[in-house]
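Here's the structure, in structure tokens; my notes come after.
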Amino acid sequence: MRKALLIGALFSTATLTFATSGDNMIGVTPASRGMGGLGVGMPVGPVDSIFRNPAWMGVMENKFTVQFGGILFMPKVKARNKGYVDSNPGNNASDPMPYDTGYVKSRADTFVVPEIGIVHKISDRLVFGLGAFGVSGMGVDYRDKDGALAQMHTTFQFMRIIPAIAFKVNEMITVSGALHGAWGSLDMGAVMCGDPTDDSTCWNASGGQSQALGIGFQVGASLNFGDFLYAGITYQSPVSMTYKNVFDADNQMVDPNNIYEDLKLQQPQEVALGIGAAPLNGLKVGLDVRWINWKDADGYGDFKWDDQWVYALGAEYRPISNLALRIGYNYGKSPIDGGSKNLTRPSSPNIPNLNAPFSEYDIAWFNLIGFPAITEQHLTLGVGYEFSKTFGIDVSYVRAFEKKVEAKATMMSPDDLTVGAKNAQDSISVGLNWKF
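This is how it looks when you write it as structure tokens:
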């Protein structure tokens, strides 16, 4: 094994996933994704409303709507590790030698994320919806790549199963509530070293696949001013998840009886509001703003994620009644930052449940090599076509432009340690719709 003398490699790490706004998809159905992830401030479809703002189910005209589809998600992720390696791997007393992996491409480059939903108009005032949405599904794979990337390989899946109800107070106001049942699956693998100059101290830190369940809730409201102006607001509660025995951060050095540690990840609370308008016949435009509270979420906050403000802008134009053309833009500043980091580790473990202390640079290493959720700008396109009064198809394409983040630290000379990530994404989503 090539023995990296990089401070961050002591905890060179694990990961989860990333989608586009942190580890949240910008939208779950093709109609929403084609318009930049809209759905809070104006209606974009009954099934999408189950997830984004259930109050908009109240404008549904048909008795039943059923949709199923999925997202083909194609990230292009690269990682870089600049530091030192042992100049003589057979001699533990040898001097360190500068080393730079350059940007290495992850082999994990294709994922499928499903979605299915049904909405039933019980009465003129009451609408019920039930949906299951994959809101994340990704990972990285640096096995058989440069050894200084710790043979990192990870997968993460996260799904929400949502029963929702909307009550139409009057022709203008609708209120809603929903439960969010969550299922997650996490596998984190990496080779870690207690002493990066001694191969005998290295171990495989993977605890294998771990699954967890969680629950949360959502409330929302919508305003419809005569199908001309729209407004909406929604709150989504945190969802706590604990992945058992998923990683070994210390090779049993702290507790010999506790081989693998748990990792607690709390999907953060969100507040979102939006507005929309239909200024011309066949044209709808909208703007949504979401606040995602990563900083106070267990796990994410411990690894120094910042809160996000996510802005979605989109439009739909129907040149004929059964054809919808969509375009959108989505921006959310990366919750993971770079810049100068400290190498000093605290005297005791500082990440809950992990039995090893992490310096600022260790945390940056963890985020950028294992969890590079850094994309910010997205351009989206979509089209919908209704083949009949009961059947239609929606398709969308999302391009997340490449974003690079690097963190640096000083070991022997200024900024001689660097860890970095690049992330760009393409995705295509398809949804089949039936109305009765």
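Numbered per mature numbering (1 follows the signal peptide of the UniProt record, and there is no 0), the sequence shown spans residues -19 to -1, 1 to 417. Built from N, CA and C at the ideal position, the CB exists for glycine as well.
Option nearest residue i by Cα separation, candidates the options
| i | options | result |
| --- | --- | --- |
| A230 | W184, N262, D208 and N274 | W184 |
| Y224 | R271, D168 and F198 | D168 |
| T48 | R271, R307 and V376 | Before going further, note that residue 48 is Gln rather than Thr in the sequence given. Of R271, R307 and V376, the residue nearest in Cα terms is V376. |
| P79 | T91, G64 and F92 | G64 |
| K57 | Y310, Y84 and G257 | Y84 |
| D4 | F206, T136 and K44 | T136 |
| Y348 | L324, G319, P327 and F372 | Strictly speaking, residue 348 in this sequence is Asn, with Tyr absent from that position. Per the Cα distances, G319. |
| V156 | L413, V116, G213 and G189 | G213 |
| P219 | N274, N232, L244 and A258 | N274 |
| Y292 | M16, N205 and A12 | M16 |
| W415 | L264, A296 and N43 | N43 |
| Q138 | F32, R88, N62 and L246 | L246 |
| L111 | I31, F382 and S221 | I31 |
| D29 | N303, M23 and T10 | T10 |
| M392 | F209, V25, P24 and V66 | V66 |
| G255 | G201, I103, N334 and I308 | G201 |
| I317 | I344, P300 and F368 | I344 |
| residue 473 | G207, A131, I308 and V386 | For the chain, the structure presents residues -19 to 417; residue 473 sits outside this window and is missing. |
Beta strand (DSSP E) segment containing residue i, residue limits
| i | result |
| --- | --- |
| residue 442 | Only positions -19 to 417 of the chain appear in the structure, and residue 442 is not among them; the question remains open. |
| A202 | S191 to F206 |
| A253 | E251 to L261 |
| K265 | L264 to I273 |
| F92 | F92 to K102 |
| W184 | C183 to N185 |
Sheet register partners of residue i (DSSP bridge)
| i | result |
| --- | --- |
| L306 | Y298 and V364 |
| P79 | Y65 |
| D375 | G365 and G412 |
| S221 | Q247 |
Delimiting residues of the alpha helix (DSSP H) encompassing residue i
| i | result |
| --- | --- |
| Y216 | From DSSP, Y216 is part of no alpha helix (DSSP H) but of the beta strand (DSSP E) over L210 to Q217. |
| P35 | P35 -> no alpha helix (DSSP H), and no H or E assigned at all. |
| R14 | P11 to G15 |
Three-state secondary structure assigned by DSSP to residue i
| i | result |
| --- | --- |
| Y342 | helix |
| M(-19) | Residue confidence is low: M(-19) scores 39 on pLDDT, short of 50, so the model does not pin down where it sits. No coordinate-derived value is stated. |
| A147 | strand |
| A(-11) | Its pLDDT being 37, under 50, A(-11) is placed unreliably by the model, and nothing is read from it. |
| V108 | strand |
| N43 | coil |
| V28 | helix |
| W164 | strand |
| I240 | coil |
| T(-5) | Caution applies to T(-5), whose pLDDT of 34 falls short of 50 and renders its modelled position unreliable; the model cannot decide the point. |
| V5 | The amino acid at residue 5 is misidentified as Val; the sequence shows Asn. Here N5 sits in strand by DSSP. |
| L398 | strand |
| I317 | coil |
| N336 | coil |
| F347 | helix |
Whole-number beta carbon distance between residue j and residue i, since they are thought to touch under 8 Å
| i | j | result |
| --- | --- | --- |
| V100 | F54 | Not confirmed; about 25 Å, so no contact. |
| S408 | E357 | So it is not a contact: roughly 16 Å between Cβ atoms. |
| G267 | V121 | With 8 Å as the limit, G267 and V121 do not qualify as a contact, their Cβ atoms being about 34 Å apart. |
Cβ-heavy atom distance, residue i to the ligand MN, below 8 Å
| i | result |
| --- | --- |
| H101 | Looking for the ligand MN in the displayed structure turns up nothing, as the structure carries no ligands at all. |
Any chain C beta carbon closer than 9 Å to residue i
| i | result |
| --- | --- |
| G309 | Of the protein chains in the structure, only one exists, and it is not chain C. |
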